[in-house]
Amino acid sequence: MQALSSNAVSISTVSNSTVKQTLFDVLSQFVITYDLDWDQPLEPETTCIADLGLSSVDFIQLVLAIESAFGQKFGFQDLLMQQGEYIEDVTVQKLEDFITGKLNNPNKDRADQVAVAVSSLPSDQRLQASQITTFKSMIAERFAELNNSPNNSSINRPDKNPRAIFVLAPPRSGSTLLRIILAGSSQLFSPPELHLLSYATLAQRKAALEGEATQQLLQGTIRAIAQIQNCSVETAEQTMALCEQNNLTTEDFYRLLQSWLDDRILVDKTPTYAFSLDTLTKAEQTFDAPIYIHLVRHPYGMIRSYEESKLERIIPIANVRHFSTRELAELTWLTSHDNILSFLQDIPLNRQHRLHYEDLVRDPYTSVRRLCQALKIDFCPDMLDPYGDMKQRMTDGGRKVSDMSGDLKFYLHSEIDASAADRWKQFHQVNFLSKSASNLANAFGYEMAD
Ligand code: A3P
């Protein structure tokens, strides 16, 4: 995949026929590169998903190929999101119209804010305390298994690993955006999700994640090695395989990574850590005075995002049949924040910082400046340009962008997008939160109606 390139068409001279031709060139090349099962001419009514057979991950690749050809970001979120819902498919004609519209008027097609009347679910149809307890113990049990190893050496080791920074948040809280913002600082090393702390050894980690739905989560460490060692993804894979064969503990693997970083501080943003208090405790046991960023998002925003992303397929721990997707999302929000808050109770205040996703996207300058103070690093304007140098920010995925371990929706935005903070309000029709989640949301400063 090319980076946004100097071969890109000259925007100042672009005409409708240039858009059509460039788009057809990109699509034709894409069909060949990705060996798509499509041997007919591309017509305006050809659809990307039903006809060309693109998966949502391929679609991200296509978006980047189009942006590369035109030499600019378009914010494809605006095309894919209509009246608060993701559209099912898109024709070549729609792509062309969208690009032409964006070139002529960059603010056209911003997702429109449609106010929706909100009603309330009766309390007996909301999650009950007993269901919350059941979910929490299921999660705790699952993580106890993962982190249980006879050679788990991390406990009470006298010399701890150097300081690290952890982003603690449930999934769908804007954590990928935050980790990429942090990757803009030269004092930090902030790779894609590492998925290490939950496991005692690398072998356990591999066994837990190597299934088809989750293998993408193994990519973060490989991308991190390739970046630090300035080597190819293939070489990084060999290094990782060697570490796995030697069955390094995750603690030793962190130490190895950190030994390559000189003075840069490792940032680990992996949302599943917050599923388990034991995992969070391991951060304190393993690292010297880590700093924790507690990222908070409105529960209805996180829940809507979780439902759209069908996250339960990717996070095996959340693959629990007893609950609907929406209930799982709420349980994940509640359990993660409960765990984080219990854990942070014993952490000195100068090693923790709470950040609201809504503040981050509405006022990134102030939020990131404050965050830098808390992390005791210099503020650097590059941090506010998460769509800058993809290699430095490790948003290139190594081989292809969709290998990036984290939220691929990041690629559909073109900037830190303030409108994402309130998007859920467009289709939020029912108040359904349990008492516990509602109270916690209030405690975080979100005004909750019954
Ligand atoms: P939505 O699904 O509501 O759009 P995480 O990385 O923790 O999984 O969070 C995913 C959420 O972050 C998604 O929310 C995604 O759109 C949002 N996000 C990603 N990049 C963003 C950007 N540039 N500006 C605003 N929000 C962004």
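Just add 209 to the spot in the sequence shown (first one is 1) and you have this note's numbering.
We put the beta carbon where it would ideally sit given N, CA and C, even for glycine.
Source: prediction; values computed, not measured.
Query, Result
"Is phenylalanine 484 near the ligand A3P - that is, is its Cβ less than 7 Å away from at least one heavy atom of it?", "no"
"Per DSSP, what kind of secondary structure is serine 329 in: helix, strand or coil?", "strand"
"So, for leucine 543: in the same chain, excluding its five sequence neighbours on each side, which residues have a beta-carbon less than 7 Å away from its beta-carbon?", "Ile341, Ser645, Ala646 and Leu649"
"Provide the residue(s) that pair with alanine 373 in DSSP beta bridges, ordered along the chain.", "Leu475"
"Apart from the five residues on each side of it in sequence, which residues of its chain come closer than 6 Å, Cβ to Cβ, to tyrosine 408?", "Leu355, Arg414 and Thr459"
"Is alanine 615 a contact residue of the ligand A3P, with contact defined as CB to any heavy atom under 7 Å?", "The residue you asked about is not alanine; residue 615 is glycine in the sequence shown. Within the cutoff, so yes."
"Less than 7 Å separating the Cβ of arginine 513 from some heavy atom of the ligand A3P?", "yes"
"Do you know how far the Cα of leucine 236 is from the Cα of leucine 271?", "8 Å"
"Which same chain residues end up closer than 8 Å to glycine 370 when comparing Cβ atoms and leaving out the 5 residues on each side of it in sequence?", "Here residue 370 is asparagine; the residue named in the question, glycine, does not match the sequence. Result list for asparagine 370: Glu460, Tyr463, Arg464, Gln467, Thr495, Phe496 and Asp497, in chain order."
"By a C-beta neighbour count over all protein chains shown, 10 Å radius and 16 as the cutoff for buried, is glutamate 656 buried or exposed?", "exposed"
"Please classify tyrosine 515: does DSSP put it in a helix, a strand, or coil?", "helix"
"Leucine 621: which of Gln635, Leu288 and Thr255 sits nearest, CA to CA?", "Leu288"
"Roughly how many whole angstroms lie between the Cα atoms of serine 395 and isoleucine 625?", "20 Å"
"The alpha helix (DSSP H) spanning tyrosine 574 covers which residue range?", "573-584"
"Any idea if glutamate 276 is buried or exposed, counting beta-carbon neighbours within 10 angstroms, 16 or more meaning buried?", "buried"
"Determine, using beta-carbon pairs with one atom in the stretch 337-353 and one in the stretch 585-601, whether at least three such pairs fall under 8 Å.", "no"
"Leaving aside the five residues before and after valine 476 along the sequence, list all residues of the same chain whose C-beta is less than 6 Å from its C-beta, in chain order.", "Ile374, Leu391, Leu397 and Ser399"
"Residues in the same chain with beta-carbon distance under 8 Å from glutamine 638, minus the five sequence neighbours each way, listed in chain order, please.", "Val325, Ala326, Val327 and Ser328"
"Buried or exposed: where does glycine 420 fall if 16 or more other Cβ atoms within 10 Å of its Cβ makes it buried?", "exposed"
"Are the stretch 297-304 and the stretch 245-260 in contact at 8 Å, needing three or more beta carbon pairs?", "yes"
"I'd like to confirm something about glycine 280: is its beta-carbon nearer than 7 Å to some heavy atom of the ligand A3P, or not?", "no"
"DSSP three-state label for threonine 255, please.", "coil"
"Excluding the five sequence neighbours on either side, which residues of its own chain have a C-beta within less than 8 Å of the C-beta of valine 505, listed in chain order?", "Ala378, Ser382, His546, Arg563, Leu564, His565, Tyr566 and Phe653"
"Alpha carbon to alpha carbon, what distance is there between glutamine 554 and alanine 658?", "28 Å"
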